[in-house]
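Engineer:
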Amino acid sequence: MSIVHHLEEDVLLDHAAGTLAEGFSLAVATHLAICPECRERYAMIEGAGGELLDTIEPASGQDGGWQALRARISNASLPAAKPARRGTSGGSAPVLPEPLRSYVGSDVDAIRWKSMPGAAQFIIPTRDGRAVARLLRIPAGKPVPEHTHRGMEMTLVLSGAFADEDGTFARGDIEIADGSLTHQPVATNDADCICLAVTEAPLKFKSWIVRLFQPMLGI
Numbered sequence: 001m002s003i004v005h006h007l008e009e010d011v012l013l014d015h016a017a018g019t020l021a022e023g024f025s026l027a028v029a030t031h032l033a034i035c036p037e038c039r040e041r042y043a044m045i046e047g048a049g050g051e052l053l054d055t056i057e058p059a060s061g062q063d064g065g066w067q068a069l070r071a072r073i074s075n076a077s078l079p080a081a082k083p084a085r086r087g088t089s090g091g092s093a094p095v096l097p098e099p100l101r102s103y104v105g106s107d108v109d110a111i112r113w114k115s116m117p118g119a120a121q122f123i124i125p126t127r128d129g130r131a132v133a134r135l136l137r138i139p140a141g142k143p144v145p146e147h148t149h150r151g152m153e154m155t156l157v158l159s160g161a162f163a164d165e166d167g168t169f170a171r172g173d174i175e176i177a178d179g180s181l182t183h184q185p186v187a188t189n190d191a192d193c194i195c196l197a198v199t200e201a202p203l204k205f206k207s208w209i210v211r212l213f214q215p216m217l218g219i
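This is how it looks when you write it as structure tokens:
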């Protein structure tokens, strides 16, 4: 199956500009490692950015430069991309691509998971403190507690799949949510779903029981 859920241009631009929190930048870089289509789009953004730096006057501010780059990308024709194919976790292929695997220090088979409501998690250390990055393992056929968001949440599927109000997400698919989305992701029945989830603020859970233990779980 082809990757269906891709990154928006604004996110790719912010990644190229280095303005994303480290956790979100890690999610974008990991998605780019899996998704050929987004890699081609990102290469075009980097190329346009290099051309722009060669043409703008030194007195032009950084904000003005990136506004011009955004306008150029919006008006450009994206190159034709080869269909993105989903990887598999079978054989010797790692579930965690780089750079994520280096952050974690191993592939998923060596992770020491910590239980949480409806799933297990592994917190990924980042240095800037602007967002929390974690690996989640949702058991096959099981939901995570219903919640909405106090800020941006970026979720990249690495193995298995989950479904929520926005559709079905399998390996390579990425979902970006905010306070406008209330959802309850459910892992598909065929396998556990392993994903990278990055949040810039604690989630807002519907269940008071989950809210009670939320500070101890760091979610």
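The sequence shown runs 1 to 219 under UniProt numbering. For each residue, glycine too, the CB sits at the ideal point set by N, CA and C. Given the structure is predicted, the values throughout are model-derived calculations rather than measurements.
Got a sec? Which residues, its chain only, sit under 6 angstroms from alanine 27 by beta carbon, not counting five neighbours each side?
Structural biologist: To locate residue 27, count along the sequence shown from 1; it is residue 27. Met154, Leu156, Leu196, Val198.
Engineer: Between glutamate 22 and aspartate 190, how many whole angstroms is the CB-CB distance? I'm expecting something under 8 angstroms.
Structural biologist: Position 22 of the sequence shown holds residue 22. Position 190 of the sequence shown holds residue 190. Not confirmed; about 33 angstroms, so no contact.
Engineer: From the DSSP output, in three-state form, read off histidine 5 for me.
Structural biologist: Against the sequence shown, residue 5 aligns to sequence position 5. Here histidine 5 sits in coil by DSSP.
Engineer: What three-state label does DSSP hand aspartate 14 in the structure shown?
Structural biologist: To locate residue 14, count along the sequence shown from 1; it is residue 14. In this structure, aspartate 14 counts as helix in the three-state DSSP scheme.
Engineer: Are valine 108 and leucine 135 touching if we call contact CB-CB under 9 angstroms?
Structural biologist: Looking up residue 108 in the sequence shown gives position 108. Looking up residue 135 in the sequence shown gives position 135. The answer is yes: Cβ separation under 9 angstroms.
Engineer: Beta-carbon separation of isoleucine 45 and glutamate 8 under 9 angstroms?
Structural biologist: Here residue 45 corresponds to residue number 45 of the sequence shown, with the count starting at 1. Here residue 8 corresponds to residue number 8 of the sequence shown, with the count starting at 1. It is not a contact, given that the beta carbons lie outside the stated cut-off.
Engineer: Compute the beta-carbon to beta-carbon distance between isoleucine 138 and phenylalanine 122, rounded to the nearest angstrom, for a pair I have assumed lies under 8 angstroms.
Structural biologist: Counting from 1 along the sequence shown, the entry for residue 138 is found at position 138. Counting from 1 along the sequence shown, the entry for residue 122 is found at position 122. Between phenylalanine 122 and isoleucine 138 the Cβ distance is about 13 angstroms, and since that is not below 8 angstroms, they are no contact.
Engineer: Where does alanine 187 sit, in a helix, a strand or coil, going by DSSP?
Structural biologist: Taking the sequence shown and counting its residues from 1, one reaches residue 187 at position 187. Looking at alanine 187 - three-state DSSP - the assignment turns out to be strand.
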